[in-house]
Structure formats: C-alpha cells, structure tokens
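Q:
Number of protein chains: 2
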Amino acid sequence: MNKEALFQKCVTFATSVHEVTYELTKDIKPDDITPVQYSILEYIAVSQPVTLSQISDCKHISMPNTSRELKKLTEKNLCEKFDVAEDRRKQLIRLSEVGQAMMNEAFQRIGGRFLDRIKDASAEELEEIQRALDLLQSKVFYGDK
Amino acid sequence: MNKEALFQKCVTFATSVHEVTYELTKDIKPDDITPVQYSILEYIAVSQPVTLSQISDCKHISMPNTSRELKKLTEKNLCEKFDVAEDRRKQLIRLSEVGQAMMNEAFQRIGGRFLDRIKDASAEELEEIQRALDLLQSKVFYGDK
DNA sequence: CCATTTAGTTATCAAATGATAATTAATGAG
DNA sequence: CTCATTAATTATCATTTGATAACTAAATGG
Numbered sequence: 001m002n003k004e005a006l007f008q009k010c011v012t013f014a015t016s017v018h019e020v021t022y023e024l025t026k027d028i029k030p031d032d033i034t035p036v037q038y039s040i041l042e043y044i045a046v047s048q049p050v051t052l053s054q055i056s057d058c059k060h061i062s063m064p065n066t067s068r069e070l071k072k073l074t075e076k077n078l079c080e081k082f083d084v085a086e087d088r089r090k091q092l093i094r095l096s097e098v099g100q101a102m103m104n105e106a107f108q109r110i111g112g113r114f115l116d117r118i119k120d121a122s123a124e125e126l127e128e129i130q131r132a133l134d135l136l137q138s139k140v141f142y143g144d145k
Numbered sequence: 001m002n003k004e005a006l007f008q009k010c011v012t013f014a015t016s017v018h019e020v021t022y023e024l025t026k027d028i029k030p031d032d033i034t035p036v037q038y039s040i041l042e043y044i045a046v047s048q049p050v051t052l053s054q055i056s057d058c059k060h061i062s063m064p065n066t067s068r069e070l071k072k073l074t075e076k077n078l079c080e081k082f083d084v085a086e087d088r089r090k091q092l093i094r095l096s097e098v099g100q101a102m103m104n105e106a107f108q109r110i111g112g113r114f115l116d117r118i119k120d121a122s123a124e125e126l127e128e129i130q131r132a133l134d135l136l137q138s139k140v141f142y143g144d145k
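The listed protein sequences correspond, in order, to chains C and B. Numbering (our numbering) for the first sequence: 1 to 145. Numbering (our numbering) for the second sequence: 1 to 145.
#1: Are K9(C) and D134(B) closer than 9 angstroms when you measure CB to CB?
#2: Can you pull the DSSP bridge partners for T51(C)?
#3: Could you run through the stretch 126–137 of chain B and flag, in chain order, every residue whose CB is less than 9 angstroms away from some CB of chain C?
#4: Per the DSSP calculation, C79(C) is bridged to which residue(s)?
#5: Which residue from T66(C), R68(C), K90(C), S96(C) puts its Cα closest to that of E80(C)?
#6: Using CA atoms only, rank isn't needed, just tell me which of T12(C), Q100(C), I118(C) is closest to A45(B).
#7: Take R150(B) and list the residues in its own chain whose beta-carbon comes closer than 7 angstroms to its own, dropping the five residues that flank it on each side.
#8: Specify whether the stretch 95–115 of chain B and the stretch 20–35 of chain B touch according to this definition: at least 3 beta carbon pairs, one from each stretch, less than 8 angstroms apart.
#9: Would you say F13(C) lies against chain B (beta-carbon separation less than 9 angstroms)?
#10: Taking only the alpha-carbon atoms, compute the straight-line gap between F7(B) and V84(B) and give it to the nearest angstrom.
#11: Helix, strand or coil: how does DSSP classify N2(C) here?
#12: CA-CA distance, K145(B) and K119(C)?
#13: Relative to the C-alpha of K3(B), which candidate in K139(C), L126(C), R131(C) has its C-alpha closest?
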C-alpha cells in the first residue's frame with residue numbers, strides 16, 4: 001500500500017472517529033450550557049488544574065473569549081478560580097463540586113455507551129485494540145513539540 | 001487491561017485524532033466561506049453526488065439550514081444542483097469545476113502535511129499502521145445501521 | 001382519488017461564537 | 001529602575017449558527 005492510499009484510509013478513519021465521538025456524546029451536555037462551554041468543562045475535567053492560557057491554547061479559543069466563557073461557568077458554579085502564589089498574574093481553574101458531579105455523570109453515561117459498543121469483543125480482541133491504539137497514537141496521531 | 005482503562009485510552013486517542021485533524025486542516029479553508037460551509041464542501045467532495053437530505057443527516061444540520069448554506073455555496077459557484085429524473089422532489093449536488101479545483105487543492109495541501117507526519121515510518125510500520133486502522137475501524141469506530 | 005409522507009424552500013429570530021481594541025497588573029530581562 | 005512581555009479582563013461588534021414556523025410540490029399508499 002502506498003502513502004496516498006494510506007492517507008485516504010486515514011481520512012476515512014478520522015471521519016469515523018468524529019462520527020462515533022458524536023454518537024457517544026450526543027444528548028449528554030446539559031441544556032443550560034453551550035457546546036463550547038461543555039468542551040471547556042471536558043478539558044478542565046481531564047487536565048485540572050489548568051490556567052486560562054492553557055484552555056485558550058488547547059481549545060483554540062482567544063483569551064478574551066476564554067475569559068468570558070469561564071466567567072459564565074464560574075457564575076454557574078461549575079468551576080472555581082484559585083490564585084497562584086508564585087505568579088500572581090495566573091489563576092488555576094478547577095471544577096467545583098457541582099461541576100465535578102456533572103462531569104462524572106456525563107463520563108459515566110459516555111462510558112456506558114462505549115462499553116455497549118465493544119461488548120462483543122473478546123479478551124484477545126481487547127488486547128489487539130489496545131495495541132492498535134498505542135501504535136496509531138505514537139506513529140500517526142502524535143502531538144508535536 | 002480492563003474495559004474502564006480501555007475507555008480512558010480511547011478518550012485520549014480520540015482527543016489526539018481531533019487535535020491532529022485540526023493541525024492538518026488549519027488555515028486550509030478559504031476566507032470567503034464559513035467553517036460549516038467548508039465542512040459541507042468536504043462532504044460533497046468525498047460523497048458526490050449527494051442530496052440535500054444526505055448532507056443534512058450526515059452533517060447534523062437541519063434541512064432549512066442546509067438549504068440556506070447550500071444556496072450560498074451555489075451562489076458562490078462552488079457547487080451545482082441537478083434534478084433527479086426518477087423523483088422530481090430530489091436534487092443531486094456536485095461540486096462545480098471551481099469548487100472541485102478548490103477542494104483538490106485543499107486535499108493536496110492536507111495530504112502533504114500528512115505525508116510529512118508519517119515521513120519517518122518504514123514500509124513495515126506503514127503496513128502495521130494500515131492494519132491498526134482496519135482493526136479499530138471494524139471493532140471500535142464502526143457505524144451503526 | 002385523497003390523505004399522508006417526503007424533499008426542499010423561505011423567512012425570521014435568538015443565541016453562540018469569533019474578532020478586536022483598550023486596559024490592568026505582575027513578572028522578567030537588561 | 002525601566003521597558004517589554006505575559007496573564008487576564010472588560011467592552012463591543014459582526015458574523016455564524018441553530019431553531020422554528022409556514023409553505024410548495026412531488027410521490028406514495030391505501
């Protein structure tokens with residue numbers, strides 16, 4: 001197989017990943033937060049504590065807009081800001097208890113859908129899947145830097 | 001490895017796929033079309049000819065909004081509508097010559113970035129990658145229906 | 001035929017997102 | 001100490017996107 005064909009295969013694959021992600025996460029987000037706000041909460045949940053700049057960089061949202069959305073999330077009591085002693089310009093952000101509970105429940109439901117998706121796989125297949133994920137992550141879908 | 005850990009691994013993996021997709025495609029879209037319009041054009045490019053309903057279903061955009069965006073794309077001469085003889089309610093949509101040229105160039109640039117990303121992989125590694133893609137697509141990231 | 005469903009359109013409105021400029025405050029480098 | 005840089009905020013505006021209702025026309029199914 002040549003590299004052109006592999007590119008095509010990766011395009012199809014990425015499309016499938018996006019679609020499955022959509023299926024697993026649809027109707028999960030509570031109605032009172034926007035899609036962008038939910039994606040910020042997901043990021044905080046996985047990476048907390050994080051600074052505003054990190055959120056801005058990783059989610060590709062400008063600082064002013066990140067600040068605005070974070071303010072709304074804080075007002076909704078879904079996350080909290082903490083000062084950093086070493087650098088008083090910075091702020092660390094964590095989920096609040098309410099926010100953590102909300103995201104725990106969301107991940108719980110997504111995980112349930114995921115388990116259903118792989119329910120027919122044998123133990124050996126699960127091993128194979130794991131190796132395939134590691135391989136692709138290191139050889140194709142790696143981060144720069 | 002248990003299923004919970006595999007779920008975590010898949011979450012991380014999906015995040016990487018999204019991020020790499022972002023890196024490969026950023027700054028590709030021409031300035032005079034919106035992100036949603038570009039994503040519609042990508043879909044048409046890969047699946048043409050398509051109906052409005054197919055675009056609506058696959059891209060998760062309501063029919064009225066799909067109709068609106070498609071009208072704008074048609075006015076920009078990026079795609080064309082054709083009547084279907086068998087069912088005169090339906091319309092098939094294809095890229096125009098200009099639209100096709102635009103998307104060819106876009107895919108060309110994305111492909112170049114992709115090749116750069118896998119440039120260090122040996123022939124055996126490329127084979128491994130291919131098998132891993134096939135495996136994950138059939139066992140995890142498959143479509144329903 | 002008539003009623004229902006399907007495919008698509010148009011108009012309109014509200015909300016979410018993106019972009020920019022101007023500002024404050026703290027840090028860091030000569 | 002001063003200047004440049006970094007982190008974050010506030011305000012404002014334009015654009016994009018999403019949602020809904022009301023509509024036409026064609027097909028489909030008794």
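Glycine is no exception: its CB is placed at the ideal position from the N, C-alpha and C atoms.
A: Looking at the atomic coordinates:
#1: yes
#2: L92(C)
#3: L126, E127, E128, I129, Q130, R131, A132, L133, D134, L135, L136, Q137
#4: L95(C)
#5: S96(C)
#6: T12(C)
#7: The requested residue 150(B) does not occur in the structure, where chain B is confined to residues 1 to 145.
#8: yes
#9: yes
#10: 45 angstroms
#11: coil
#12: Confidence at K145(B) is low in this model, with a pLDDT of 45, below 50, so the placement of that residue should be treated as unreliable; the coordinate-derived value is given next. Distance between the alpha carbons of K145(B) and K119(C) is about 17 angstroms.
#13: L126(C)
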